[in-house]
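First up is the structure itself, then whatever we jot down about it.
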Amino acid sequence: MNVETRRLRLRPVDSTDVDALVFLDSDPEVMRFVSDGRPTPRAEISDWVIPRARAELSTGRGGMWIAIDQRYQAFLGWVLLRAPRHSQRSEMELSYRLRRDTWGRGLATEAARAVVGLAFDELHTERVFASTTLRNSSSRRVMEKLGMRVSGVRAGGDHLGRRYEHAHGNRDNLGELEYELLRHHWEALVMGADARRHQVMNLPA
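Now the structure itself:
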């Protein structure tokens, strides 16, 4: 399933993307909050990442979409949905990774918003969640721009509660945040965006 946005074309990952994915994961800054800067081995990408993503796409349990620049047809990165294997909830995990030279342009938000819409509208999930480290302010900003809310905090693998309050001490001493977006929140956001567009289109000349 291909998805198009204003600036991006998102298409399912395939075996021809190995080189691009290896190149992406070879940038220590891209991998800073993923693996402390270590690159992903090529065999892991070709033998596990791509086959698993394609299998998930074929069963309607998510998948990985390659982000292509609409104007120049260049590889920019990827965005992914994955259904947790041991969860009993109707939920999907969101993740994304883009080339460093694309950062700061809102492309991660644009790609993520497109597949979140896919998760709710086509895959009929009830909840989309994503996790990031407290130090990764850029990733947190993407999640917040999507309308996601903090649903949990982890430090050293320990769950510290379903709700995170900013008054709970120094965030730098904690490890990881989980964000979530529920179906009814997403529908309210979409309805609000549609209403704003309608108002703009009907402004008097």
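For the sequence shown, the UniProt record's numbering gives the first residue as 1, with consecutive numbering after it. Every residue gets a Cβ at the ideal spot worked out from N, C-alpha and C, and that includes glycine.
Beta-carbon proximity of L94 to V150, cut-off 7 angstroms: no
Classification of residue 262 by the beta-carbon crowding that lies within 10 angstroms, buried from 16 upward: Within the shown structure, residues of the chain are numbered from 1 to 205, placing residue 262 beyond reach of any answer.
Residue closest to L107, alpha-carbon to alpha-carbon, out of V13, A67, M1: A67
Element boundaries [alpha helix (DSSP H), containing A74]: Per DSSP, A74 belongs to no alpha helix (DSSP H) and is neither H nor E.
For M64, the three-state DSSP class (helix, strand or coil): strand
Paired residues, beta bridge with D47 - DSSP: Per DSSP, none; premise fails for D47.
Three-state class that DSSP yields for R7 in the structure shown: coil
Beta-carbon proximity list for R147, same chain, < 8 angstroms, skipping 5 on both sides: With the sequence shown as reference, residue 147 is identified as Gly, and Arg is not the correct amino acid for it. Same-chain partners within the cutoff: L181, H185, W186, L189.
Selected residue, minimal CA-CA separation from T40, among M92, V18, L118, W65: V18
DSSP-derived helix/strand/coil call for L182: strand
Whole-angstrom C-beta distance between A114 and Y96, which should lie under 8 angstroms: That pair is no contact at about 11 angstroms.
Distance between T133 and N2 (C-alpha atoms, nearest Å): 30 angstroms
Rounded C-alpha distance that separates R141 from G104: 11 angstroms
Of the residues E178, G77, L118, the one placed nearest L21, counting alpha carbons only: G77
Alpha-carbon spacing of S90 relative to S35, whole angstroms: 29 angstroms
Reduced DSSP secondary structure (H/G/I, E/B, other) of S58: helix
Sequence-distant residues of its chain with Cβ nearer than 7 angstroms to P84 (five each side left out): E91, E93
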